[in-house]
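What follows is a set of notes on a single structure, which appears directly below.
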Amino acid sequence: MPVEFLTDEQAEAYGTFTEVPTRPELERFFFLDDDDSDLIALRRTDAHRLGMAVQICTVRYVGRFLGEDPLAVPWEVVEYLAGQLGIADASCVKRYPERRRTPYEHAAEIQERFKYRDFTDRKWGREFRGFLYGRAWTHAEGPVALFNHAVTWLRKNRVLLPGVSVLARQVSEARAVAERRVYEAVARAAHRADPSLAPALAELLVVPEGKRVSELERLRTPPTKSTGTAMVRAMERMEEISAFALGRVNLSRVQVNRLSTLARYGQ
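Taking our numbering, the leading residue of the sequence shown gets -11, the next gets one more, and so forth.
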């Protein structure tokens, strides 16, 4: 399913290895600690031990299990883990998925042992939506940036990443809600200041008969010449704008960066 604000490359890179992890990343995400080793030690063969190690570190690094192809990882990762486990022949891991159910059974064990939550979990779903809608309201950022912050939050809180289209849809909905909230907040503030203000401003969008541009376009267009006549017209224009007394509209409840984005859109 195509995702409107992500490129095909971004969608395909979601929840996968896009490149070989750096040395600091290997040391941070692929170092096997005592808890990892205790779970891995329960496996009987080198293939299963190494395969489980790959899955433990994969979900820690990308935020989800790789499902159909649990070994879709850079070979450098496999060798790094094999070295820690004392496995001389890392290629034995290719036998790991011979029994189709084994990787899925191991993934379930890993999820339970290390307390990874499903995206559909009700409690963590509420926590995530609270974060997502809050960030959409307080940060006037684009959908890709919000999507990336959502991925970071899910990984940090050990919530398994959903499908890319599922997450993208939630990001789009959160941004749409935030935008409606901005418009409604501005409209309410204008109405509180003066019930006749909003209709008067809306009239500026109308193109008068015999004119080529709306009144709003005329008022927001600065003078292009520095002649005396142009300066007089500029002053008259400022008086027309000042007559709306927009300073009386209290927008203190709207985030400053949201107002800035709205202003840029208006311009």
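Each residue gets a CB set at the ideal place from its N, CA and C atoms; glycine is no exception.
contact_flag[the region 197 to 204, the region 141 to 155] where n(CB pairs < 8 angstroms) is 3 or more: no
Residue burial classification, P58 (beta-carbon count within 10 angstroms, cutoff 16): The residue you call residue 58 lines up with position 70 of the sequence shown. It is buried - the Cβ of P58 has at least 16 other Cβ atoms within 10 Å.
Beta-carbon contacts of R168 that lie in its chain and below 6 angstroms, excluding the five residues immediately before and after: Walking along the sequence shown from the start, residue 168 turns up at place 180. Closer than 6 angstroms at Cβ, skipping near neighbours: no residue.
Residue(s) in a DSSP beta bridge with R32: The residue you call residue 32 lines up with position 44 of the sequence shown. Answer by DSSP bridge pairing: none, since R32 is not bridged.
A304 and L38 closer than 8 angstroms at C-beta: Limits of the chain in this structure are -11 at one end and 255 at the other, which puts residue 304 out of reach.
T249 (DSSP reduced to helix, strand or coil): Taking the first residue of the sequence shown as position 1, residue 249 is located at position 261. Here T249 sits in helix by DSSP.
Beta-carbon proximity check, A41 vs L20, cutoff 8 angstroms: Here residue 41 refers to the residue found at position 53 of the sequence shown. Here residue 20 refers to the residue found at position 32 of the sequence shown. Going by C-beta atoms, A41 is nearer than 8 angstroms to L20.
Cβ pair V47, Y104 closer than 8 angstroms: Here residue 47 corresponds to residue number 59 of the sequence shown, with the count starting at 1. Here residue 104 corresponds to residue number 116 of the sequence shown, with the count starting at 1. Contact: yes.
Whether C80 touches D34 by CB criterion (8 angstroms): The count along the sequence shown starts at 1 and reaches residue 80 at position 92. The count along the sequence shown starts at 1 and reaches residue 34 at position 46. Their beta carbons are under 8 angstroms apart, which means C80 touches D34 by this criterion.
Residue span of the alpha helix (DSSP H) that contains T108, given as start and end: The residue labelled residue 108 in the question sits at position 120 within the sequence shown. Element bounds for T108: n/a, residue is neither H nor E.
Three-way DSSP call (helix, strand, coil) for V170 in this model: To locate residue 170, count along the sequence shown from 1; it is residue 182. If DSSP states are grouped into helix, strand and coil, V170 belongs with the helices.
Separation of L207 from A173, as counted between CA atoms: In the sequence shown, the residue the question calls residue 173 occupies position 185. In the sequence shown, the residue the question calls residue 207 occupies position 219. Distance between the alpha carbons of A173 and L207: 24 angstroms.
Pick from R180, Y171, F18 that is closest to L73, judged by C-alpha positions: One-based indexing of the sequence shown puts residue 73 at position 85. When each option's Cα is compared against that of L73, the closest is F18.
V170 and V244 closer than 8 angstroms at C-beta: Along the sequence shown, one-based indexing puts residue 170 at 182. Along the sequence shown, one-based indexing puts residue 244 at 256. Taking 8 angstroms as the Cβ cut-off, V170 and V244 do not qualify as a contacting pair.
Top-ranked residue by Cα proximity to T209, from D23, M226, T217, A186: Locating residue 209 in the sequence shown gives position 221, counting from the first residue. Ranking the options by Cα distance to T209, first place goes to M226.
Own chain, CB closer than 7 angstroms to V237, minus 5 neighbours either side, in chain order: Locating residue 237 in the sequence shown gives position 249, counting from the first residue. So the qualifying residues of the chain are A177, A178, A181.
Alpha-carbon to alpha-carbon, F5 and A60: As a position in the sequence shown, residue 60 is number 72, starting the count at 1. As a position in the sequence shown, residue 5 is number 17, starting the count at 1. A60 and F5: Cα-Cα distance of roughly 8 angstroms.
Bounding residues of the alpha helix (DSSP H) (the contiguous stretch that carries R225): The residue labelled residue 225 in the question sits at position 237 within the sequence shown. Its alpha helix (DSSP H) spans residues 216 to 230.
Own chain, CB closer than 8 angstroms to I28, minus 5 neighbours either side, in chain order: By one-based count along the sequence shown, residue 28 stands at place 40. Only L20, R37, M40, A41, I44, L73 meet the Cβ criterion.
For V42, the three-state DSSP class (helix, strand or coil): The residue given as residue 42 occupies position 54 in the sequence shown. Note: V42 maps to helix in three-state DSSP.
Exposure of D26, with buried meaning 16 or more beta-carbon neighbours within 10 Å: Along the sequence shown, read from residue 1 onward, the residue named residue 26 stands at position 38. Label assigned to D26: exposed.
Pick from S248, R123, P91, L14 that is closest to L69, judged by C-alpha positions: One-based indexing of the sequence shown puts residue 69 at position 81. Closest by alpha carbon: L14.
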